[in-house]
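Trainee: First, the structure itself, so that you have it in front of you.
In the UniProt record's numbering, the protein residues as written are 1 to 406.
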C-alpha cells in the first residue's frame with residue numbers, strides 16, 4: 001500500500017489530504033502539523049477571532065471526525081526535523097519517523113520577527129496562529145493604547161478591530177505609504193484616509209525604537225516629537241516562507257520552494273503547495289509566491305491530482321481580500337507597478353474600482369465593496385476578452401451588461 005505523507009497541517013495540507021481521498025486514493029495518508037489544533041483557515045484570525053468570536057465552524061478544513069472517517073492520520077503537535085530523500089523518510093523531532101512514496105510539503109510561513117530585547121513579552125504580540133489571535137484578543141481587552149508596527153494588510157486589519165473595540169490605535173510603517181508592496185499610491189491613500197476617519201494615528205516613513213522603563217512601553221519615532229505611549233505592541237512586519245526543510249534536503253528553493261504548475265518540486269516524488277511555494281503564473285506572466293486563501297486551497301488540490309497522475313494544473317488569477325471596518329477590499333491579478341490605474345466610481349461613495357489596463361486588456365483590478373463587479377471582471381480576464389475602456393469607465397452602464405470584443 002502506498003503511503004503519502006503531508007508535512008504541514010494548515011489549509012493547504014488539509015486540502016491535499018481531502019483531495020487525495022476525493023480522488024479515490026486508497027493508500028495511507030499521514031498529515032503532520034506542529035500546531036495542536038485541527039487544520040483551519042487563517043483569514044478569520046485577524047477578523048472574527050480577534051474580535052473574540054469563535055473560529056467559524058466552516059473554517060476548520062479537516063475536523064477530527066472527518067479525518068477519522070476518511071482514514072487520514074493526524075499527527076498534530078509534531079514538528080518535522082528532517083527529510084531524507086534518498087531513503088524516502090520523514091523524521092520528526094520527537095523521534096517518530098515514517099517512510100513515504102509521495103511527499104507533500106505545505107509548511108506555509110511564519111511571522112517576521114523584529115528585535116524586542118528588553119521588552120516584557122506579555123506586551124509584545126504577533127498574529128499567525130489561532131493561539132496568537134486568542135491571546136491578542138485578551139490583551140486588547142485589558143489595554144487601551146494599541147501600537148501596531150507594520151502598515152500592511154494584517155496590521156491594518158488589527159487596527160480596524162482594535163478601533164472597533166474602542167481602543168486608541170497607532171500604526172507605524174517604515175515605507176512611505178500603506179500596503180506599498182501590493183497596492184498603488186491611490187489605494188494606499190484611500191486606506192490611510194479610511195483609517196484616519198476612524199481615528200487611527202498613522203506614521204509613515206518611520207522606524208520606531210521601542211523601549212520599556214519598567215512601568216511603561218514607548219515608541220520613539222525619531223522625529224523630534226514626544227514618544228508614543230502604548231500598553232501593548234502588535235508586530236505585523238510580514239511573513240517568511242518555511243523553506244528550511246526543503247533547503248536542507250536539497251530541493252530547489254528561490255523565494256519559496258520552486259514548483260511547476262502542478263506543484264511538482266525538483267524531486268519527482270515531492271510536491272509542495274501554499275504560501276511556501278514559488279510557482280509559474282501565466283496570468284501574471286511571472287513566477288509568484290502567493291500568500292492567500294485561494295492559493296492555499298487550489299494549489300493543494302492541483303498537487304494532489306498531479307501526484308495521482310490526474311489531469312489539471314494550478315491556473316488561477318491571483319485573488320486576495322481584506323475586511324477593514326465596513327470595507328471589503330478585493331484584489332484580482334497582480335497590480336503592475338508601471339501602470340497608473342483608472343478609477344470607476346468614487347471611494348467617498350463607499351464603492352469603486354481601480355482598473356489596470358495594458359494594451360486593451362485588464363491586467364488587474366482593485367475593488368472596494370464591489371463583489372459583483374469583480375466577478376464580472378474576472379470573467380473577462382479568464383476569457384481574455386474585454387469591453388472598450390470608455391464603456392467600462394461609464395458609471396451609468398452596469399458592467400454585467402457590457403458587450404465584450406470578439
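Just so it is clear, CB atoms sit at the ideal spot from N, CA and C, and this is done for glycine as well.
If you're wondering where the values come from, they're calculated on a predicted model, not measured in any experiment.
1. How would you call residue 252, buried or exposed, if buried means at least 16 neighbouring beta carbons within 10 angstroms?
2. Since residue 140 and residue 162 are thought to touch, with beta carbons under 8 Å apart, how far apart are those beta carbons, to the nearest angstrom?
3. When the Cα of residue 326 is compared with those of 47, 236, 22, which residue comes out closest?
4. Taking the alpha helix (DSSP H) that residue 247 falls in, what are its first and last residues?
5. Whose C-beta lies closer than 7 Å to the C-beta of residue 67 among residues of the same chain, with five residues either side of it excluded?
6. Residue 223: which of 207, 269, 213 sits nearest, CA to CA?
7. May I ask you to report which of helix, strand or coil DSSP gives residue 339?
8. Identify every residue that forms a DSSP beta bridge with residue 354.
9. Write down the C-beta distance between residue 3 and residue 107 rounded to the nearest angstrom, noting that I regard them as a contact closer than 8 Å.
10. Going straight from the alpha carbon of residue 381 to that of residue 241, what length do you get?
11. Which runs of the alpha helix (DSSP H) at least 4 residues long sit entirely within the segment 95-165? Give them in chain order.
12. Have a look at residue 10 and residue 135 and give me their C-alpha separation to the nearest angstrom.
13. If you follow the alpha helix (DSSP H) that residue 188 is in, where does it begin and where does it stop?
14. Can you list, in chain order, the residues of its chain whose CB lies under 6 Å from that of residue 217, leaving out five sequence neighbours each side?
15. Cα-Cα, which of 367, 6, 129, 101 is closest to residue 37?
16. Given a cut-off of 8 Å, decide if residue 333 and residue 318 are closer than it, judged by their beta-carbon atoms.
17. Would DSSP call residue 401 helix, strand or coil?
18. Please look up how many angstroms separate the CB atoms of residue 211 and residue 220, rounded, as I've assumed it's under 8 Å.
19. Tell me which residue opens and which closes the alpha helix (DSSP H) that residue 19 is part of.
20. So what does DSSP say about residue 92, is it helix, strand or coil?
21. Classify residue 358: buried if its beta carbon has 16 or more other beta carbons within 10 angstroms, exposed otherwise.
22. For residue 376 and residue 335, I'd like the C-alpha separation in whole angstroms.
23. Whose C-alpha, out of 167, 249, 264, is nearest the C-alpha of residue 233?
24. Given a cut-off of 8 Å, decide if residue 180 and residue 354 are closer than it, judged by their beta-carbon atoms.
25. Looking at the unbroken beta strand (DSSP E) that takes in residue 81, where does it start and where does it end?
26. Tell me which same chain residues have a C-beta within less than 6 Å of the C-beta of residue 79, skipping the five on either side of it?
27. Which two residues bound the contiguous beta strand (DSSP E) that contains residue 334?
28. Nearest CA to the CA of residue 91: which residue from 58, 40, 7, 115?
29. Based on DSSP bridge pairs, tell me the residues matched to residue 209.
30. Less than 8 Å between the C-beta atoms of residue 300 and residue 19, yes or no?
31. Residue 373 lies in the alpha helix (DSSP H); which residues open and close that run?
32. Tell me which residues share the same chain as residue 64 and place their Cβ nearer than 8 Å to its Cβ, disregarding the 5 neighbours each side in the sequence.
33. What is the rounded straight-line gap between the Cα of residue 145 and the Cα of residue 169?
34. Report back the beta-carbon spacing between residue 103 and residue 5 to the nearest angstrom; my notes put them in contact at under 8 Å.
35. What does a CB cutoff of less than 7 Å around residue 298 pick up in its chain, not counting 5 residues either side in sequence?
36. In chain order, what residues of the same chain have a beta carbon less than 7 Å from the beta carbon of residue 395, not counting five sequence neighbours either side?
Mentor: The short version:
1. Here the question's residue 252 lines up with position 252 in the chain shown. Residue 252 is exposed by the Cβ-count criterion.
2. As a working note, residue 140 is residue 140 in the chain shown. As a working note, residue 162 is residue 162 in the chain shown. At roughly 6 Å, the Cβ-Cβ gap stays under 8 Å, so residue 140 and residue 162 are in contact.
3. Sequence index remark: in the chain shown, residue 326 carries index 326 (1-based). In terms of Cα proximity to residue 326, the closest of 47, 236, 22 is 47.
4. Stepping through the chain shown from its first residue, residue 247 is reached at position 247. Run containing residue 247: 244-248, per the alpha helix (DSSP H) assignment.
5. Indexing the chain shown from 1 puts residue 67 at position 67. The answer, listed in chain order, is 74.
6. One-based indexing of the chain shown puts residue 223 at position 223. Checking every option, the nearest Cα to that of residue 223 belongs to 207.
7. The count along the chain shown starts at 1 and reaches residue 339 at position 339. Reduced to three states, the DSSP call for residue 339 is coil.
8. On the chain shown, position 354 is the one that residue 354 refers to. DSSP, once it has assigned bridges, lists 343, 366 as partnering residue 354.
9. Stepping through the chain shown from its first residue, residue 3 is reached at position 3. Stepping through the chain shown from its first residue, residue 107 is reached at position 107. Between residue 107 and residue 3 the Cβ distance is about 19 Å, and since that is not below 8 Å, they are no contact.
10. Locating residue 381 in the chain shown gives position 381, where the first residue counts as 1. Locating residue 241 in the chain shown gives position 241, where the first residue counts as 1. Between residue 381 and residue 241, the C-alpha separation is close to 29 Å.
11. Within the segment 95-165, the complete alpha helix (DSSP H) runs of at least 4 residues are 130-141, 153-164.
12. Start at 1 with the first residue of the chain shown, and residue 10 comes out as number 10. Start at 1 with the first residue of the chain shown, and residue 135 comes out as number 135. In this structure, the straight-line span from the alpha carbon of residue 10 to that of residue 135 is close to 19 Å.
13. Along the chain shown, one-based indexing puts residue 188 at 188. Per DSSP, residue 188 belongs to the alpha helix (DSSP H) from 185-197.
14. Stepping through the chain shown from its first residue, residue 217 is reached at position 217. For residue 217, where only same-chain residues beyond five positions count, the Cβ hits under 6 Å are 123, 230.
15. Sequence index remark: in the chain shown, residue 37 carries index 37 (1-based). Sorting 367, 6, 129, 101 by C-alpha distance to the C-alpha of residue 37 places 129 at the top.
16. One-based indexing of the chain shown puts residue 318 at position 318. One-based indexing of the chain shown puts residue 333 at position 333. Against a cut-off of 8 Å, the Cβ pair of residue 333 and residue 318 comes out as a contact.
17. Position 401 of the chain shown, counted from the first residue, corresponds to residue 401. If DSSP states are grouped into helix, strand and coil, residue 401 belongs with the helices.
18. Position 211 of the chain shown, counting from 1, holds the residue named residue 211. Position 220 of the chain shown, counting from 1, holds the residue named residue 220. Residue 211 to residue 220, Cβ: 7 Å. Contact.
19. Counting from 1 along the chain shown, the entry for residue 19 is found at position 19. Per DSSP, residue 19 belongs to the alpha helix (DSSP H) from 11-22.
20. Counting from 1 along the chain shown, the entry for residue 92 is found at position 92. In the structure shown, residue 92 sits in a strand (DSSP, three-state: E or B).
21. As a working note, residue 358 is residue 358 in the chain shown. Exposed: under 16 other Cβ atoms inside 10 Å.
22. To locate residue 376, count along the chain shown from 1; it is residue 376. To locate residue 335, count along the chain shown from 1; it is residue 335. Each residue's Cα considered, the two are about 18 Å apart.
23. Taking the first residue of the chain shown as 1, we reach residue 233 at position 233. It is 167.
24. Taking the chain shown and counting its residues from 1, one reaches residue 354 at position 354. Taking the chain shown and counting its residues from 1, one reaches residue 180 at position 180. Not closer than 8 Å, so no.
25. Locating residue 81 in the chain shown gives position 81, counting from the first residue. According to the DSSP assignment, residue 81 belongs to the beta strand (DSSP E) that extends over 80-84.
26. Taking the first residue of the chain shown as position 1, residue 79 is located at position 79. So the list reads 34, 93, once near-sequence residues are dropped.
27. Position 334 of the chain shown holds residue 334. First-last for residue 334: undefined, no H or E at that position.
28. One-based indexing of the chain shown puts residue 91 at position 91. Out of 58, 40, 7, 115, 7 has the C-alpha closest to the C-alpha of residue 91.
29. To locate residue 209, count along the chain shown from 1; it is residue 209. Beta-bridge pairing links residue 209 to 220.
30. On the chain shown, residue 300 is found 300 positions in, with the first residue counted as 1. On the chain shown, residue 19 is found 19 positions in, with the first residue counted as 1. Yes. Within cutoff.
31. Position 373 of the chain shown holds residue 373. Start and end: 371-383.
32. The sequence position of residue 64 within the chain shown is 64, counting from 1. These residues qualify, in order along the chain: 38, 74.
33. Translated into the one-based positions of the chain shown, residue 145 becomes position 145. Translated into the one-based positions of the chain shown, residue 169 becomes position 169. Rounded to the nearest angstrom, the two C-alpha atoms are 6 Å apart.
34. Counting from 1 along the chain shown, the entry for residue 103 is found at position 103. Counting from 1 along the chain shown, the entry for residue 5 is found at position 5. Confirmed, Cβ separation roughly 5 Å.
35. Sequence index remark: in the chain shown, residue 298 carries index 298 (1-based). Within the same chain, Cβ atoms closer than 7 Å to the Cβ of residue 298 are found at 314, 316, the five residues on either side in sequence being excluded.
36. Locating residue 395 in the chain shown gives position 395, counting from the first residue. The answer, listed in chain order, is 344, 345.
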